[in-house]
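Counting from 1, one number per residue, gives the positions in the sequence shown under the UniProt record's numbering. We put the beta carbon where it would ideally sit given N, CA and C, even for glycine. Nothing here was measured: the structure is a model prediction, and the numbers come from that model. Okay, structure first, notes after.
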Amino acid sequence: MKRILLFGLLAGLLNACSKENIPLYDSQHYVQFVNDYTDSMEISFFFYGSVQQIEIPLPVKLVGMPLTEAKEIVLKANSQYTTASSSQFALPDKALFKAGQTMDTLYITLKREGLNQKVRLVVDIADGTEILSGQSLYSRQIIWFSTEISRPAWWDNDVEDVFLGKYSIPKFQKLIDVTGTGNWENKNYDERRALALQFKRELLRLRYAGTPYPDEELGLDDMSTDIPVLGY
Numbered sequence: 001m002k003r004i005l006l007f008g009l010l011a012g013l014l015n016a017c018s019k020e021n022i023p024l025y026d027s028q029h030y031v032q033f034v035n036d037y038t039d040s041m042e043i044s045f046f047f048y049g050s051v052q053q054i055e056i057p058l059p060v061k062l063v064g065m066p067l068t069e070a071k072e073i074v075l076k077a078n079s080q081y082t083t084a085s086s087s088q089f090a091l092p093d094k095a096l097f098k099a100g101q102t103m104d105t106l107y108i109t110l111k112r113e114g115l116n117q118k119v120r121l122v123v124d125i126a127d128g129t130e131i132l133s134g135q136s137l138y139s140r141q142i143i144w145f146s147t148e149i150s151r152p153a154w155w156d157n158d159v160e161d162v163f164l165g166k167y168s169i170p171k172f173q174k175l176i177d178v179t180g181t182g183n184w185e186n187k188n189y190d191e192r193r194a195l196a197l198q199f200k201r202e203l204l205r206l207r208y209a210g211t212p213y214p215d216e217e218l219g220l221d222d223m224s225t226d227i228p229v230l231g232y
């Protein structure tokens, strides 16, 4: 389903306009997201307790010379692809790119209100009177959000390869049970390794006790066989 959506989104972008060869220095200023739109985000209120709304950062970058004064960026929710209701998100009243820098961060708000299933918010940078949108592939961001347990953004390929192995709901739940936390977002390498080793030791303890902890989602009789962190 997500592949079909991505093909549709790509077609919409290509039909809109092509800006793949933007000159670095001209009389216009262009802004685009740092991440391309195929790198969609998954956000779950599950990780935020009883919090009713959360702010999500969207890094952006300027193409061209730095601004001499702050300029307004036009952000729009794409009504064609957004499934979240207007009461479940808020875009900034006035998004500004600061003067004298090439990188900045915009913030959008996601709201828990009426959130009983996973929904999608598609945010576009549109052409404005002060700044134009940049490359098509980087002019859109896709945010899925829900109250479900879902793969957190920090569980990326590096975490998978070095620390925890493939993501699954049973593994994530067990990680939280063992370590007491499900948020590695701001943890450094050593902190992540310590938590992964704590998790691995507990799974090995269960194995040696003759009661290995299974992962039915990954088809494993013993979850410890898919924890790649080195050491004990």
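- Per the coordinates, the alpha-carbon of Pro212 lies some 17 angstroms from the alpha-carbon of Gly165.
- With a cutoff of 9 angstroms on beta-carbon distance, Val74 and Val34 are scored as not near each other.
- Non-local C-beta neighbours of Tyr167 in its own chain, meaning closer than 6 angstroms and more than five positions away in sequence, comprise Arg151, Trp155, ordered along the chain.
- Taking 9 angstroms as the cut-off, the beta carbon of Leu106 is found closer than this to the beta carbon of Ala95.
- Under a 10 Å Cβ-count criterion, Gln32 is classified as buried, with 16 or more other Cβ atoms of the shown protein chains found around its own Cβ.
- A direct Cα-Cα distance of roughly 29 angstroms separates Glu69 from Ile54.
- A buried status is given to Thr82, since no fewer than 16 other beta-carbon atoms sit within 10 Å of its beta-carbon.
- In the DSSP assignment, Tyr107 falls within the beta strand (DSSP E) that extends over 103-111.
- DSSP places Gln88 outside any beta strand (DSSP E), giving it a letter other than H or E.
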